[in-house]
Amino acid sequence: MIKGIAASAGVSVSKVFKLQHPEFVIERRDAIVEEELAKLHNAIAATQKDIEMIKAKAVGRLADEELAIFDAHLMVSQDPEFVGQIEEMIKNDAVNAEFAVEQVSNMFIGMFESMEDEYFRERAADIKDVTFRIKVHVLGLVIPDLSAINEEVVIVAEDLTPSDTAQLNREFVKGFATEIGGRTSHSAIMARSLEIPAVVGAGSLLDKCEHGDEIILDAIAGTIIFKPTDAQKTEYAEKAQAFADHKASLLALKDAETVTTDGHHVELAGNIGTPKDVEGVINNGGEGVGLYRTEFLYMDASELPNEEDQFQAYKAVLENMAPGRVVVRTLDIGGDKELSYLKFPHEMNPFLGYRAIRLCLDRPDIFRVQLRALLRASVFGKLSIMFPMIATIQEFRQAKALVEDEKKNLSKEGIAFSDDIELGMMVEIPAAAMLADQFAKEADFFSIGTNDLIQYSMAADRMNEKVSYLYQPYSPSILRLIKLTIDGGHKEGKWVGMCGEMAGDERAIPLLLGLGLDEFSMSASSILEARRIIRDLSFAEMQDLATKALDMPTTEDVLELLAANVK
């Protein structure tokens, strides 16, 4: 039995399709510039044709969010800076095209992989995928056509690119297992969208199996068994059926109320990054959008998005989610999320520096454009505006004053906006949590951002393996900060949500319920399972459980308490 990371839940008993991409060694050689430039341009054109064909085949099988990955791939292949550097290397050094592609792509990949932000690390995978295709076309080699698979298999590979994953047909591909990768890689995200079981990061696999071997893929436990016994095949076939029955039962909860056994109601919402993501929230029974990350509008553009472009994006989300609430987080840029067209100062510690609301208040010319677009869009649904990285009352007041100022400007121009817009804030800085009772007199709501709240509270970078043991959502100190925030909001009659990873954590949900959280916002695929969990719980019992957890001295004690009391 081989252990990996369960990236997309499910169980399959099938046979191995051993995927091996063409292998080649690229060496530098002197070449004729004109010939190599022609090879490069032909290879880029062929790559773009591949991408467009793969996207066309995937329409109807992948969600719009996943299809957008191929638009990103086309952008990489057309990026003037990226392609320009390859061309310059060929011209200046008179080298072969594949060597220039390799050198320039490795530089870009290394730069993106070193970034801590998940969004940018995923861009490294995009560059790898695209440049692999370019190199293959330059060399005149062939990439396996996974869309031609016509029998039931589990794909075993070193890794799957987004292009590979998009070609998978659920009718025949019953799962995949890879040697490398993680839950947030594009292939894992797309596997969840296609509902194909996947285990990733399992280490050496290809030398342990042959094409056609029998395989069991348990993408619930994250395990792989090659050449299973008859008894194992029977056991896992039953487990696969039980999983299918469970999924069917979850679909029955799509339109159900999120209410506990003793009648306490909470709201389940989805986190989104683009207007296209709303469909996933609705299809999974989400009652609203608890976090719309507007920075993606800025990251996916070559210049600051104008008011009209932003208005159209916000309008689309509000219309599609109506009458549900949409919480829009204003521009959260800085730290490791930089924009190529916006100059940021060099900082020793950018995560604690010039970012989010601090940048917006310093650059009202940028901030006002976003606020105007949001206010204009507010007439198309139920809008709540949320300011990130708030540390002081003064910051919140300044941000709120800019909103009021833009309302006056729009009124003078005769442009309509809603008179029922909530203005709230993310609680992700411990100072804000400690002063929640005072902030609640100024804000209409709180949304707790646990990702940053935990790392700032524990002084531990969550991406640093050496201190990852300190990144503990179940630490009693974190639970107390969450409780302070919830109590502070409730004292003034304000609702309190959570949009960090913890909100969708199945172990954390009972505890957060007991702490009094009003709204849980998570990835769309987690909503139905969260609803099932909450509907099986007693609010009164979870309140007692949370009270006990707050008095625990260690994380381990809290986890033991949960294990003993929540099934």
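Residues in the sequence shown are numbered consecutively from 2, following the numbering used here.
Where is the CB? At the ideal position from N, CA and C, for every residue including glycine.
| field | Beta-bridge pairing of F227 - partner residues as DSSP gives them | value | Counting from 1 along the sequence shown, the entry for residue 227 is found at position 226. Note: F227 sits in a beta bridge opposite I216.
Is it buried or exposed for L353, if we count other Cβ within 10 angstroms and need 16 for buried?
-> Here residue 353 refers to the residue found at position 352 of the sequence shown. Counting of Cβ neighbours within 10 angstroms places L353 among the exposed residues, the total staying below 16.
Between A314 and the rest of its own chain, which residues show a CB-CB distance below 7 angstroms, the 5 nearest in sequence each way excluded?
By one-based count along the sequence shown, residue 314 stands at place 313. Here the set comprises P276, L298.
Would you list the residues sitting across from S458 in a DSSP beta bridge?
Taking the first residue of the sequence shown as 1, we reach residue 458 at position 457. In DSSP, S458 forms no bridge with anything.
Which residue marks the beginning of the alpha helix (DSSP H) containing A178, and which one marks its end? Translated into positions along the sequence shown, residue 178 becomes position 177. Segment 174-179 is the beta strand (DSSP E) holding A178; no alpha helix (DSSP H) there.
Query - With 16 other Cβ atoms within 10 Å as the buried cut-off, status of D278 - result: Locating residue 278 in the sequence shown gives position 277, where the first residue counts as 1. It counts as buried.
Between V327 and L319, which are expected to be in contact by the criterion C-beta below 8 angstroms, what is the C-beta distance as a whole number of angstroms?
By one-based count along the sequence shown, residue 327 stands at place 326. By one-based count along the sequence shown, residue 319 stands at place 318. About 5 angstroms separates the two Cβ atoms, so the contact holds.
- Task: Alpha carbon to alpha carbon, how far is N284 from I455? Give it in angstroms, no decimals.
- Result: Residue mapping note: residue 455 aligns to position 454 of the sequence shown, counting from 1. Residue mapping note: residue 284 aligns to position 283 of the sequence shown, counting from 1. Between I455 and N284, the C-alpha separation is close to 31 angstroms.
Segment limits, alpha helix (DSSP H) that includes N566:
To locate residue 566, count along the sequence shown from 1; it is residue 565. Where N566 is concerned, the enclosing alpha helix (DSSP H) stretches over 556-566.
>> Taking the straight line between their C-alpha atoms, what separation do you get for K484 and P474?
In response: Taking the sequence shown and counting its residues from 1, the one referred to as residue 484 is at position 483. Taking the sequence shown and counting its residues from 1, the one referred to as residue 474 is at position 473. For K484 and P474, the distance between alpha carbons rounds to 13 angstroms.
**Q.** Spatial distance of A98 from E28 (CA atoms)
**A.** Here residue 98 refers to the residue found at position 97 of the sequence shown. Here residue 28 refers to the residue found at position 27 of the sequence shown. Just so you know, the alpha carbons of A98 and E28 end up roughly 11 angstroms apart.
Exercise for review: Return yes when the Cβ of V380 is within less than 7 angstroms of the Cβ of A417, no when it is not.
Suggested key: For the purposes of this step, residue 417 is taken as residue 416 along the sequence shown, with counting starting at 1. For the purposes of this step, residue 380 is taken as residue 379 along the sequence shown, with counting starting at 1. Against a cut-off of 7 angstroms, the Cβ pair of V380 and A417 comes out as a contact.
Review point. With DSSP run on the structure shown, which of helix, strand or coil describes V60?
Key: As a working mapping, residue 60 is identified with position 59 in the sequence shown. In the structure shown, V60 sits in a strand (DSSP, three-state: E or B).
key: Residue from R359, S478, V567, L538 with nearest C-alpha to M459   = Walking along the sequence shown from the start, residue 459 turns up at place 458. The residue with the shortest Cα to Cα distance from M459 is S478.
Checklist line | Beta-carbon contacts of S78 that lie in its chain and below 6 angstroms, excluding the five residues immediately before and after | finding: Indexing the sequence shown from 1 puts residue 78 at position 77. The residues are I45, T48, Q49, V131.
**OP:** Please name the residue, chosen from V468, I70, S476, G517, that lies closest to E542 on a Cα-to-Cα basis.
**Re:** Position 541 of the sequence shown, counted from the start, is the residue given in the question as residue 542. Of V468, I70, S476, G517, the residue nearest in Cα terms is G517.
| message | Just to check my reading of the structure: R532 and G286 have Cβ atoms closer than 8 angstroms, yes? What is that Cβ distance to the nearest angstrom? | response | For the purposes of this step, residue 532 is taken as residue 531 along the sequence shown, with counting starting at 1. For the purposes of this step, residue 286 is taken as residue 285 along the sequence shown, with counting starting at 1. In this structure, R532 and G286 form a Cβ contact; the two beta carbons are roughly 7 angstroms apart against a cut-off of 8 angstroms.
Check: Whole-angstrom Cβ separation of A441 and V428, contact assumed at under 8 angstroms?
Finding: Mapped onto the sequence shown, residue 441 falls at position 440. Mapped onto the sequence shown, residue 428 falls at position 427. That belief does not hold up - the Cβ atoms of A441 and V428 are roughly 10 angstroms apart, past 8 angstroms.
Residue closest to A232, alpha-carbon to alpha-carbon, out of E561, V14, A564:
Working through the sequence shown from its first residue, we reach residue 232 at position 231. Ranking the options by Cα distance to A232, first place goes to V14.
| task | Can you tell me which of the three DSSP states G489 falls into? | result | By 1-based counting over the sequence shown, the position of residue 489 is 488. Helix.
Give me the DSSP bridge partner(s) of N272. The residue you call residue 272 lines up with position 271 of the sequence shown. DSSP, once it has assigned bridges, lists L292 as partnering N272.
inquiry  = Tell me the residue span of the beta strand (DSSP E) that contains L384.
reply    = Counting from 1 along the sequence shown, the entry for residue 384 is found at position 383. L384 -> beta strand (DSSP E) spans 383-388.
A178 beta carbon less than 7 angstroms from that of L142
Translated into positions along the sequence shown, residue 142 becomes position 141. Translated into positions along the sequence shown, residue 178 becomes position 177. With respect to the 7 angstroms criterion, L142 and A178 are not classified as neighbours on the basis of their beta carbons.
- Kindly give me the distance between the Cβ atoms of P431 and Y457, rounded to whole angstroms, as I take these residues to be in contact under 8 angstroms. To locate residue 431, count along the sequence shown from 1; it is residue 430. To locate residue 457, count along the sequence shown from 1; it is residue 456. With a Cβ gap of about 6 angstroms, P431 and Y457 count as contacting.
Would you call the region 493-501 and the region 245-257 in contact, with 3 or more CB pairs under 8 angstroms?
no
- Mapping DSSP to helix, strand and coil, what is L518? In the sequence shown, counting from the first residue as 1, residue 518 sits at position 517. Looking at L518 - three-state DSSP - the assignment turns out to be coil, as it is neither helix nor strand.
### Task
Have a look at the DSSP bridge pairing and note the partners of F446.
The residue you call residue 446 lines up with position 445 of the sequence shown. Paired residues: W496.
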